[in-house]
Amino acid sequence: MELLGEEGRRLLRLGLLPGLLGGGLAVAFRLLLDLLLLVPPLALPLAGGAVGLFSAWLYRRLPDLRGGGVDRVLLAYHLGQGRLPPRLGPLKALLTALTLGLGGSGGQEGPLLYAGGALAQALRPRNPAEARAVLLAGGAAAIAALFHTPLGAAFFAAEVLYRGSALEGRLLGYLAVAAISGYGLQSLFFGTRPLLPVQGLEAPPLWFALALAPLAALGAFALARGLAWSRARLQGPAALPLALAASGTLALLFPPARGTSYEGLAALLQGEGPNPFLFLLAKALAVLLSAGSGASVGLFGPSVVLGGALGAALGALFGIGGPGPILLGLVALVSAAARTPFAAVVQMVEITGSYALLVPGLLVAFGAFALNRETLFPLQPPGPEASPAHAEDLLRGLAQLPPGRPLLLGDLGAVLLEVREGHPWAGKPLKDTALPPGVLVGLVFRQAHLLAPRGQDRLEPGDRVLLLGPQEEVARFAARS
Numbered sequence: 326m327e328l329l330g331e332e333g334r335r336l337l338r339l340g341l342l343p344g345l346l347g348g349g350l351a352v353a354f355r356l357l358l359d360l361l362l363l364v365p366p367l368a369l370p371l372a373g374g375a376v377g378l379f380s381a382w383l384y385r386r387l388p389d390l391r392g393g394g395v396d397r398v399l400l401a402y403h404l405g406q407g408r409l410p411p412r413l414g415p416l417k418a419l420l421t422a423l424t425l426g427l428g429g430s431g432g433q434e435g436p437l438l439y440a441g442g443a444l445a446q447a448l449r450p451r452n453p454a455e456a457r458a459v460l461l462a463g464g465a466a467a468i469a470a471l472f473h474t475p476l477g478a479a480f481f482a483a484e485v486l487y488r489g490s491a492l493e494g495r496l497l498g499y500l501a502v503a504a505i506s507g508y509g510l511q512s513l514f515f516g517t518r519p520l521l522p523v524q525g526l527e528a529p530p531l532w533f534a535l536a537l538a539p540l541a542a543l544g545a546f547a548l549a550r551g552l553a554w555s556r557a558r559l560q561g562p563a564a565l566p567l568a569l570a571a572s573g574t575l576a577l578l579f580p581p582a583r584g585t586s587y588e589g590l591a592a593l594l595q596g597e598g599p600n601p602f603l604f605l606l607a608k609a610l611a612v613l614l615s616a617g618s619g620a621s622v623g624l625f626g627p628s629v630v631l632g633g634a635l636g637a638a639l640g641a642l643f644g645i646g647g648p649g650p651i652l653l654g655l656v657a658l659v660s661a662a663a664r665t666p667f668a669a670v671v672q673m674v675e676i677t678g679s680y681a682l683l684v685p686g687l688l689v690a691f692g693a694f695a696l697n698r699e700t701l702f703p704l705q706p707p708g709p710e711a712s713p714a715h716a717e718d719l720l721r722g723l724a725q726l727p728p729g730r731p732l733l734l735g736d737l738g739a740v741l742l743e744v745r746e747g748h749p750w751a752g753k754p755l756k757d758t759a760l761p762p763g764v765l766v767g768l769v770f771r772q773a774h775l776l777a778p779r780g781q782d783r784l785e786p787g788d789r790v791l792l793l794g795p796q797e798e799v800a801r802f803a804a805r806s
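Numbering (our numbering), first residue to last: 326 to 806.
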């Protein structure tokens with residue numbers, strides 16, 4: 326008797342194993358980044374310039390490593406059959422750690438989504454559908470390990486795929502298993518404490534959430550447009566080292582803008598942080614320099630920090646203190662800018678270990694999401710219907726139809742014919758197969774491949790042939806076959 330059924334093997338193959346790979350990569354990344362953050366601030370301008378030179382040299386040889394990583398994952402998922410070179414995963418993590426630790430400013434989540442997903446491709450998934458699942462699973466595990474948010478990371482990986490409110494629900498189970506695996510692995514090294522634990526959390530009035538939502542939507546719009554503006558201007562071979570040197574100088578003058586800036590955000594939550602208005606401006610400038618120049622830094626993390634500073638600034642204007650405004654601000658800006666409202670709310674709960682802000686968090690998340698149409702990730706399609714990946718999966722799904730049983734689609738009929746050993750069509754060119762009037766060969770499925778039918782192509786035993794035509798003719802042909 327088999328120990329695992331088919332679904333158990335799929336959970337192992339598409340969830341647990343990529344989760345351990347992504348989580349292990351995130352642990353190594355965090356250990357390296359913690360070491361690099363010990364570099365004294367006085368060295369950051371020079372170190373930032375050196376990282377910029379190294380990055381520019383590396384991009385000329387491996388252009389796929391450029392930028393934050395999320396758009397590369399979107400491209401691989403929707404157009405590249407889920408495939409990324411596994412060797413680029415560790416390289417992406419190394420480059421991001423160097424950039425964030427030595428003067429750059431940005432996030433680690435996008436690059437680690439890419440890095441974990443790429444490394445997980447070493448498992449050699451069997452087909453494009455599994456490759457896409459493994460891609461997201463490895464990335465979700467890395468994010469769960471970094472943020473201590475297994476459920477939120479699973480939602481993020483499923484939700485960031487689209488600009489609209491859809492998410493890839495059919496993969497959530499595998500993503501959750503992967504994220505829990507990655508989180509569990511990192512907990513062996515760093516424990517299970519929430520990333521930003523908050524004591525005595527109280528929700529601000531609901532009117533504050535209503536006031537914050539449009540402001541966060543405007544902030545997300547400004548961030549997306551600002552990044553587009555900086556990318557258009559920070560071009561040329563000298564732009565990257567100069568921009569990272571400038572970012573390192575800013576980190577020297579205003580330390581909370583360095584790296585991910587989560588320490589500054591944590592200090593704000595404890596009521597001991599920098600001036601929120603100054604923090605907001607300095608972090609925004611540092612991100613425009615680093616991300617705009619193409620450095621290997623993410624954009625999700627900066628939206629978390631900028632959103633928190635925005636919430637703190639608005640709370641200060643209204644005389645509302647405490648961590649509540651900060652947390653609602655980060656949820657609102659992340660929801661609007663990354664187009665991930667579910668993930669933002671779930672991650673807030675997991676990051677703080679509290680449900681106190683669940684209702685106002687949902688209100689501000691979906692309010693800001695609805696009011697903003699810009700996105701940090703231009704390659705997000707509006708929804709599954711606009712994704713070529715779903716069209717391919719639909720076609721592959723047709724290969725699973727029971728052979729000989731007609732499928733009626735309005736006036737159109739479809740039937741799958743299996744060519745077995747000894748079948749009259751085996752070894753024959755398609756042009757010599759006798760088909761009823763109006764019935765055409767739509768596709769040929771050969772093992773894991775989709776073949777566009779041509780008249781001279783010969784059918785082989787094991788092929789599955791999809792026939793399309795008028796409903797009556799297809800049904801009559803299926804009954805005779």
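Note that the Cβ used here is the ideal one computed from N, Cα and C, for glycine as well.
How is residue i classed by DSSP in three states: helix, strand or coil?
{"i": "V769", "result": "strand"}
{"i": "E798", "result": "helix"}
{"i": "A620", "result": "coil"}
{"i": "E743", "result": "strand"}
{"i": "R451", "result": "coil"}
{"i": "R754", "result": "In the sequence as displayed, the identity of residue 754 is Pro instead of Arg. Strand, per DSSP."}
{"i": "R386", "result": "helix"}
{"i": "S430", "result": "strand"}
{"i": "R783", "result": "strand"}
{"i": "G644", "result": "coil"}
{"i": "G509", "result": "helix"}
{"i": "V790", "result": "strand"}
{"i": "L339", "result": "helix"}
{"i": "G516", "result": "coil"}
{"i": "G738", "result": "strand"}
{"i": "H774", "result": "strand"}
{"i": "L552", "result": "helix"}
{"i": "L492", "result": "coil"}
{"i": "L696", "result": "helix"}
{"i": "L704", "result": "coil"}
{"i": "L526", "result": "coil"}
{"i": "L682", "result": "coil"}
{"i": "L535", "result": "helix"}
{"i": "L409", "result": "coil"}
Have a look at residue i and residue j and give me their C-alpha separation to the nearest angstrom.
{"i": "A661", "j": "A695", "result": "8 Å"}
{"i": "R412", "j": "P450", "result": "15 Å"}
{"i": "K756", "j": "P731", "result": "22 Å"}
{"i": "L683", "j": "Q796", "result": "52 Å"}
{"i": "Q524", "j": "L594", "result": "10 Å"}
{"i": "L513", "j": "L792", "result": "55 Å"}
{"i": "P786", "j": "A443", "result": "35 Å"}
{"i": "T424", "j": "L387", "result": "16 Å"}
{"i": "M326", "j": "R338", "result": "Reliability fails at M326, whose pLDDT of 39 lies under 50, so the model's placement of it is uncertain and the value that follows must be treated cautiously. Between M326 and R338, the C-alpha separation is close to 20 Å."}
{"i": "L543", "j": "A800", "result": "57 Å"}
{"i": "G692", "j": "A368", "result": "43 Å"}
{"i": "P581", "j": "G633", "result": "13 Å"}
{"i": "E746", "j": "L404", "result": "35 Å"}
{"i": "W554", "j": "L537", "result": "25 Å"}
{"i": "V395", "j": "R771", "result": "33 Å"}
{"i": "A501", "j": "P713", "result": "24 Å"}
{"i": "R550", "j": "L624", "result": "13 Å"}
{"i": "E332", "j": "G619", "result": "41 Å"}
{"i": "R385", "j": "G561", "result": "12 Å"}
{"i": "L279", "j": "L416", "result": "Residue 279 lies beyond the range of the chain shown here (326 to 806); nothing can be said about it."}
{"i": "P749", "j": "E743", "result": "11 Å"}
{"i": "L504", "j": "R518", "result": "Reading off the sequence, residue 504 comes out as Ala, not Leu. Distance between the alpha carbons of A504 and R518 is about 16 Å."}
According to the neighbour-count rule (16 or more other Cβ atoms, all chains shown, within 10 Å of its Cβ), is residue i buried or exposed?
{"i": "D788", "result": "buried"}
{"i": "P267", "result": "Absent from the model: residue 267. The displayed extent of the chain is 326 to 806, so no value can be given."}
{"i": "A478", "result": "buried"}
{"i": "H774", "result": "exposed"}
{"i": "Q446", "result": "buried"}
{"i": "G636", "result": "buried"}
{"i": "T665", "result": "buried"}
{"i": "E484", "result": "buried"}
{"i": "G646", "result": "exposed"}
{"i": "R495", "result": "exposed"}
{"i": "A611", "result": "buried"}
Does any C-beta atom of chain D lie closer than 8 Å to the C-beta of residue i?
{"i": "G392", "result": "Annotation note: the requested chain D is absent from the structure, which comprises a single protein chain."}
In chain order, which continuous runs of the alpha helix (DSSP H) of length 4 or greater are located wholly inside the region 454 to 490? 475 to 484
Three-pair Cβ contact test at 8 Å for the region 457 to 471 versus the region 650 to 657: no
Validate contact between the region 701 to 708 and the region 673 to 681 using beta carbons, cut 8 Å, 3 pairs: no
For the 8 Å Cβ check, are there 3 or more pairs between the region 364 to 381 and the region 569 to 579? yes
Which complete alpha helix (DSSP H) runs does the region 346 to 406 hold, if anything under 4 residues is left out? 369 to 386 and 395 to 403
In chain order, what are the residue ranges of uninterrupted alpha helix (DSSP H) at least 4 long that sit wholly in the region 557 to 642? 564 to 578, 587 to 594 and 601 to 617
Do the region 584 to 601 and the region 381 to 401 meet, that is, are 3 or more Cβ pairs less than 8 Å apart? no
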